[in-house]
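Undergrad: Could you have a look at this structure, given as structure tokens, before my questions?
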Amino acid sequence: MTAVPRNIQHRWIILICLFFFLAINFADKAVIGLAAGPIMRELHLTHGQFGRIAASFFTLFSLSSLLVGLLANRIKTRWLLLAMALIWSLSQLPLLLVAAPTTLIVSRVLLGASEGPAYPVAVHALYKWFVDEKRALPTSLLTIGAAFGAGLIAPLVTWIIVAFGWRSAFLVLAGVGVAWSVVWLWLGHEGPLDALPHGAVGVPTTSSARIPLRTLLLSRTCFAGNLSGFSAYVLLTLSTIWLPSYLVRVAGYSLLQVGWIIVLPAFGQMVSAPLLGWWSQRLMRRGVSSRHARGTLGGAVVVISGVALALIPSLPHGPLLIAAVTLAFSLASFTFTTGVTLAGEIVPAAQRGGLLGINVCITTLAGLVTPAVMGQLIDVAGDPLNGYRAGMLAAGAFAVAGGVISAWLVDPAGDRRRFAAMAQAMAGGPAPTTPSSHADKSAAAQRGV
Numbered sequence: 001m002t003a004v005p006r007n008i009q010h011r012w013i014i015l016i017c018l019f020f021f022l023a024i025n026f027a028d029k030a031v032i033g034l035a036a037g038p039i040m041r042e043l044h045l046t047h048g049q050f051g052r053i054a055a056s057f058f059t060l061f062s063l064s065s066l067l068v069g070l071l072a073n074r075i076k077t078r079w080l081l082l083a084m085a086l087i088w089s090l091s092q093l094p095l096l097l098v099a100a101p102t103t104l105i106v107s108r109v110l111l112g113a114s115e116g117p118a119y120p121v122a123v124h125a126l127y128k129w130f131v132d133e134k135r136a137l138p139t140s141l142l143t144i145g146a147a148f149g150a151g152l153i154a155p156l157v158t159w160i161i162v163a164f165g166w167r168s169a170f171l172v173l174a175g176v177g178v179a180w181s182v183v184w185l186w187l188g189h190e191g192p193l194d195a196l197p198h199g200a201v202g203v204p205t206t207s208s209a210r211i212p213l214r215t216l217l218l219s220r221t222c223f224a225g226n227l228s229g230f231s232a233y234v235l236l237t238l239s240t241i242w243l244p245s246y247l248v249r250v251a252g253y254s255l256l257q258v259g260w261i262i263v264l265p266a267f268g269q270m271v272s273a274p275l276l277g278w279w280s281q282r283l284m285r286r287g288v289s290s291r292h293a294r295g296t297l298g299g300a301v302v303v304i305s306g307v308a309l310a311l312i313p314s315l316p317h318g319p320l321l322i323a324a325v326t327l328a329f330s331l332a333s334f335t336f337t338t339g340v341t342l343a344g345e346i347v348p349a350a351q352r353g354g355l356l357g358i359n360v361c362i363t364t365l366a367g368l369v370t371p372a373v374m375g376q377l378i379d380v381a382g383d384p385l386n387g388y389r390a391g392m393l394a395a396g397a398f399a400v401a402g403g404v405i406s407a408w409l410v411d412p413a414g415d416r417r418r419f420a421a422m423a424q425a426m427a428g429g430p431a432p433t434t435p436s437s438h439a440d441k442s443a444a445a446q447r448g449v
């Protein structure tokens, strides 16, 4: 195994910082869903209007993921993360002065623009501290930060909304973002691994040769990761924007009860993500190819979540409904872990930040469409139950199809061989001798990680 610098132990401090970075990021996303009822009543909004306001968050979200992801190839992630945290914190302050639909839209657009690149840049920063064969578990732990922010702090945010009004929740989250920025300025550093040959087998990560972007994006592995990620993001958006409203208006829970119910999917994600990450690494140690240990597993969790989502409208108030909600909105998020680890496995390090940004740009387009479509379905149906049923059935079916197709498509070993040959050809050298899939499995087992 490649030796790494002694200061690599600082990676766990970096992981903790990035964990809370994503926690704050997703809390900012989730607060509008928790405050949906009070906001709609105060501003006299229909479901369709609120859905469009919620979707405005994603107006620049995907584009900024792309642009900042490309910048991450050239600018230190330490400064990019700091700038994002400060911008998204300050963007929420106008709501304290003027509460109007226009102000809410402007605030959400700015928030989305600054939060869009958060996940890919955080992953890019993390991967400067962990070699490829040790990335599944820390990536899973990083992803738990999203669950912590979106779910586990929901009771606290809900209590703030009920006790002090919905504006107070935005103020508190803005303050927390500023506090994180101060800590990151003190503890945040770049990882030492970019200059080390830690890339996938056969891919010269330190070579000057660059794989064409179109080739990377249209590879089976990247395409599959984006498809499963898009499908999972449909579910994530529904849980963030419309699940609280569904539980109050259709299922009959109070807002305070909803705050505690939303903890369960977050807790499920916090338990399942590291377990699945550990299982994925264990499978690879035992010689299972990453196609199955990462790709098939990532597709399967999306399928299971899609089925659970489709069942929710037919379940009565009670334990079965809560169990389906927990399953639908917890498991699918693991595909974000497998998607980025598969991309990191096949993409040269010099191009990784940009590609991760593009991948997030593609997958998060689901957030631009899903809230508005669901809101329109509810208004057109007349009866909220019928509207929610149509939306959840459609989203569940889409997730099942996306998970199945992505599991069938993914092929990291084949993509590695193709990219290695292309890199060698561009460098003017002979075509590389790449290991067979059996040799890939043996090498993974011998690494013992």
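1 is the number of the first residue of the sequence shown in full-length UniProt numbering; add one for each residue after it.
We put the CB at the ideal spot given by N, CA and C, even for glycine.
Could you give the residue range of the alpha helix (DSSP H) that holds Lys128?
TA: Position 128 of the sequence shown, counting from 1, holds the residue named residue 128. First-last for Lys128: undefined, no H or E at that position.
Undergrad: Give a yes or no on contact between the stretch 80-96 and the stretch 12-26, applying the rule of three or more CB pairs nearer than 8 Å.
TA: Contact holds: three or more Cβ-Cβ distances are below 8 Å.
Undergrad: When DSSP labels each residue in this structure, what does Glu115 get in the three-state scheme?
TA: Taking the sequence shown and counting its residues from 1, one reaches residue 115 at position 115. Reduced to three states, the DSSP call for Glu115 is helix.
Undergrad: Kindly indicate which three-state DSSP category His189 falls into: helix, strand or coil?
TA: In the sequence shown, residue 189 corresponds to position 189, counting from 1. Three-state DSSP puts His189 in coil, outside helix and strand.
Undergrad: Pull up the distance between the alpha-carbon of Arg210 and that of Ala350, whole angstroms please.
TA: On the sequence shown, residue 210 is found 210 positions in, with the first residue counted as 1. On the sequence shown, residue 350 is found 350 positions in, with the first residue counted as 1. Approximately 8 Å, taken between the alpha carbons.
Undergrad: Are there 16 or more other CB atoms within 10 angstroms of the CB of Ser254, so buried, or fewer, so exposed?
TA: Against the sequence shown, residue 254 aligns to sequence position 254. Answer is exposed; the Cβ neighbour count stays below 16.
Undergrad: If I'm right that Gly145 touches Ser65 with Cβ under 8 Å, what's the distance once you round it to whole angstroms?
TA: Start at 1 with the first residue of the sequence shown, and residue 145 comes out as number 145. Start at 1 with the first residue of the sequence shown, and residue 65 comes out as number 65. Between Ser65 and Gly145 the Cβ distance is about 17 Å, and since that is not below 8 Å, they are no contact.
Undergrad: Figure out for me which residue from Ala122, Leu141 and Trp242 has the closest Cα to the Cα of Val68.
TA: Taking the first residue of the sequence shown as position 1, residue 68 is located at position 68. The option with the nearest alpha carbon to Val68 is Ala122.
Undergrad: Determine the burial state of Phe164: buried for a count of at least 16 other Cβ atoms within 10 Å of its Cβ, exposed for fewer.
TA: The residue labelled residue 164 in the question sits at position 164 within the sequence shown. That one is exposed.
Undergrad: Does the distance from the CB of Ser181 to the CB of Ala118 come in under 7 Å?
TA: The count along the sequence shown starts at 1 and reaches residue 181 at position 181. The count along the sequence shown starts at 1 and reaches residue 118 at position 118. Not in contact: Ser181 and Ala118 (Cβ atoms no closer than 7 Å).
Undergrad: Let me check understanding here. Comparing Cα to Cα, which of Gly151, Gln49 and Tyr127 lies closest to Ile105?
TA: Against the sequence shown, residue 105 aligns to sequence position 105. Closest by alpha carbon: Gln49.
Undergrad: Starting from the C-beta of His47, find all residues in its chain whose C-beta is less than 6 Å away, skip the five residues before and the five after it, and write them out in chain order.
TA: Reading the sequence shown from its first residue, position 47 is the one you call residue 47. Excluding positions up to five away in sequence, the list reads Gly375, Ile378 and Asp379.
Undergrad: Rounded to the nearest angstrom, how far is the Cβ of Leu409 from that of Ala125, given a contact under 8 Å?
TA: Working through the sequence shown from its first residue, we reach residue 409 at position 409. Working through the sequence shown from its first residue, we reach residue 125 at position 125. So it is not a contact: roughly 28 Å between Cβ atoms.
Undergrad: Are Gly268 and Ser330 closer than 7 Å when you measure CB to CB?
TA: Start at 1 with the first residue of the sequence shown, and residue 268 comes out as number 268. Start at 1 with the first residue of the sequence shown, and residue 330 comes out as number 330. Cβ atoms of Gly268 and Ser330: closer than 7 Å.
Undergrad: For Asp415, is the classification buried or exposed, using 16 other Cβ atoms within 10 angstroms of its Cβ as the cut-off for buried?
TA: Residue 415 sits at position 415 when you count from the first residue of the sequence shown. Result: buried.
Undergrad: Contact defined as beta carbons within less than 8 Å: I believe Gly354 pairs with Ala72. What is the distance between those atoms, to the nearest angstrom?
TA: Along the sequence shown, one-based indexing puts residue 354 at 354. Along the sequence shown, one-based indexing puts residue 72 at 72. Confirmed, about 7 Å.
Undergrad: Could you round the C-beta distance between Ile346 and Phe419 to whole angstroms and report it? I think they count as a contact, below 8 Å.
TA: The sequence position of residue 346 within the sequence shown is 346, counting from 1. The sequence position of residue 419 within the sequence shown is 419, counting from 1. Indeed they touch by this definition, with Cβ atoms about 6 Å apart.
Undergrad: How far does the alpha helix (DSSP H) with Val373 in it reach, from first residue to last?
TA: Within the sequence shown, the letter at position 373 stands for residue 373. Looking at the DSSP string, the run of the alpha helix (DSSP H) that includes Val373 is Leu365 to Ala381.
Undergrad: Rounded to the nearest angstrom, what separates Leu315 and Arg352 at their Cα positions?
TA: Stepping through the sequence shown from its first residue, residue 315 is reached at position 315. Stepping through the sequence shown from its first residue, residue 352 is reached at position 352. Between Leu315 and Arg352, the C-alpha separation is close to 43 Å.
Undergrad: With burial defined as no fewer than 16 other Cβ atoms inside 10 Å of the residue's Cβ, what is the status of Leu156: buried or exposed?
TA: Position 156 of the sequence shown, counted from the start, is the residue given in the question as residue 156. Leu156 should be labelled exposed.
Undergrad: Pull up the distance between the alpha-carbon of Ala147 and that of Ser272, whole angstroms please.
TA: To locate residue 147, count along the sequence shown from 1; it is residue 147. To locate residue 272, count along the sequence shown from 1; it is residue 272. The alpha-carbon atoms of Ala147 and Ser272 are separated by roughly 11 Å.
Undergrad: Out of Arg249, Ala343 and Val263, point me to the one whose CA is closest to His317's CA.
TA: Residue mapping note: residue 317 aligns to position 317 of the sequence shown, counting from 1. It is Arg249.
Undergrad: Taking only three categories from DSSP, how would you classify Ala99?
TA: Locating residue 99 in the sequence shown gives position 99, where the first residue counts as 1. The answer is coil: DSSP assigns Ala99 none of H, G, I, E or B.
Undergrad: State whether the stretch 318-328 contacts the stretch 27-47, with contact taken as three or more CB pairs (one from each stretch) at a distance under 8 Å.
TA: Not touching, per the Cβ criterion.
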